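J.: Read in order, the letters of the sequence shown are residues 1 to 157 in UniProt numbering.
Cβ atoms here follow ideal geometry from the backbone N, Cα and C, with glycine treated the same way.
Source: prediction; values computed, not measured.
One structure, pasted below without further comment.
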Amino acid sequence: MMKKTINLISTVGLLTIVLLTVVSACKKDTAPQNVNIVGKWAQSQFKAANNYEFKSDLTFKYYTLATDSVTKKVLGYGSKTEGKYSIINDSLKLYAMVSYSTPDGSFTTEDKLQKINGADKSGFRFSFNDKKDQLSLFFKCPLNADCVPSPVVYNKQ
């Protein structure tokens, strides 16, 4: 009887070790794989360009600027937002944001942009194309809101 009890305890112990090994091996990796968003990304429309610059210190800068269509020289800034970012799986979170703009919506030099009351956080779902040279941002738009069509595609600069 005692030998059967020891065998049962040994079997249960062995099954527990195997189960723990299997569960830990199957644990989903929450760290993003091969996500390198660092760099400059641009989306051009008409005479203005929307740009994100993500830095390795987890800060970002977003700005709208007017450029010369031939020389690509910056003619002026329409707005700028600076802050921090984090990435979890396919979610891009922007936070601690500070925004700047011109009162009349015109373009000016970056140093003449004025601080405005804007959102202090935002978030998107994102993806890359196979070449990793296009970043698609998918916006969460409330019902009946006038939102930008999703996704907005930015090209690596």
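Apart from the five residues just before and just after S127, which ones in its own chain have a Cβ nearer than 6 Å to its Cβ?
T.: Sequence index remark: in the sequence shown, residue 127 carries index 127 (1-based). Hits under 6 Å: S136.
J.: Excluding the 5 residues preceding and the 5 following N51 in the sequence, name in chain order all residues of the same chain whose CB lies nearer than 6 Å to its CB.
T.: For the purposes of this step, residue 51 is identified with residue 51 of the sequence shown, where counting begins at 1. The residues are A42, Y63.
J.: In chain order, what residues of the same chain lie with their CB nearer than 7 Å to the CB of Y100, ignoring the 5 residues before and after it?
T.: Indexing the sequence shown from 1 puts residue 100 at position 100. So the qualifying residues of the chain are S79, K80, L113, Q114, K115, I116.
J.: Thinking C-alpha only, which one of D111, S122, K121, K156 is nearest D130?
T.: Reading the sequence shown from its first residue, position 130 is the one you call residue 130. The shortest C-alpha separation from D130 is found at K156.
J.: Taking Cβ to Cβ, would you say V148 is nearer than 8 Å to F139?
T.: The residue given as residue 148 occupies position 148 in the sequence shown. The residue given as residue 139 occupies position 139 in the sequence shown. Closer than 8 Å, so yes.
J.: Under a three-way DSSP split, which group does S127 fall into?
T.: As a working note, residue 127 is residue 127 in the sequence shown. S127 falls in the strand class under three-state DSSP.
J.: Keeping to the same chain, check which residues put their C-beta closer than 6 Å to that of residue 159; ignore five residues upstream and five downstream.
T.: In the structure as shown, the chain starts at 1 and stops at 157, and residue 159 therefore has no counterpart that could be examined.
J.: Since A49 and T71 are thought to touch, with beta carbons under 8 Å apart, how far apart are those beta carbons, to the nearest angstrom?
T.: In the sequence shown, residue 49 corresponds to position 49, counting from 1. In the sequence shown, residue 71 corresponds to position 71, counting from 1. Actually they do not touch by this definition, with Cβ atoms about 14 Å apart.
J.: For the beta strand (DSSP E) holding L75, just list the boundary residues, first then last.
T.: By 1-based counting over the sequence shown, the position of residue 75 is 75. Looking at the DSSP string, the run of the beta strand (DSSP E) that includes L75 is 74 to 88.
J.: Relative to the C-alpha of N36, which candidate in Y95, Y85, K121, V98 has its C-alpha closest?
T.: Here residue 36 refers to the residue found at position 36 of the sequence shown. Nearest C-alpha to N36: Y85.
J.: Once you ignore the five residues that flank Q134 on each side, which residues in its own chain have a CB closer than 8 Å to its CB?
T.: For this step, residue 134 is matched to residue 134 along the sequence shown. Here the set comprises F128, V153, Y154, N155, K156.
J.: Provide the residue span of the beta strand (DSSP E) that contains L92, from first to last.
T.: Along the sequence shown, one-based indexing puts residue 92 at 92. 91 to 101 is the span of the beta strand (DSSP E), which, as asked, contains L92.
J.: Please report the straight-line C-alpha distance between F60 and K73, rounded to a whole angstrom.
T.: As a first step, residue 60 is located in the sequence shown; it is residue number 60 there, counting from the start. As a first step, residue 73 is located in the sequence shown; it is residue number 73 there, counting from the start. Cα to Cα, F60 sits roughly 22 Å from K73.
J.: Just to confirm the assignment, what range does the beta strand (DSSP E) spanning F54 have?
T.: For the purposes of this step, residue 54 is taken as residue 54 along the sequence shown, with counting starting at 1. First-last of the beta strand (DSSP E) with F54: 48 to 54.
J.: Whose C-alpha, out of P151, K40, Y77, K132, is nearest the C-alpha of P103?
T.: Here residue 103 is taken as the residue at index 103 of the sequence shown, counted from 1. For the residues P151, K40, Y77, K132, the minimum Cα distance to P103 belongs to Y77.
J.: Please state whether the Cβ-Cβ distance between Y95 and K132 is less than 8 Å.
T.: Locating residue 95 in the sequence shown gives position 95, counting from the first residue. Locating residue 132 in the sequence shown gives position 132, counting from the first residue. Against a cut-off of 8 Å, the Cβ pair of K132 and Y95 comes out as no contact.
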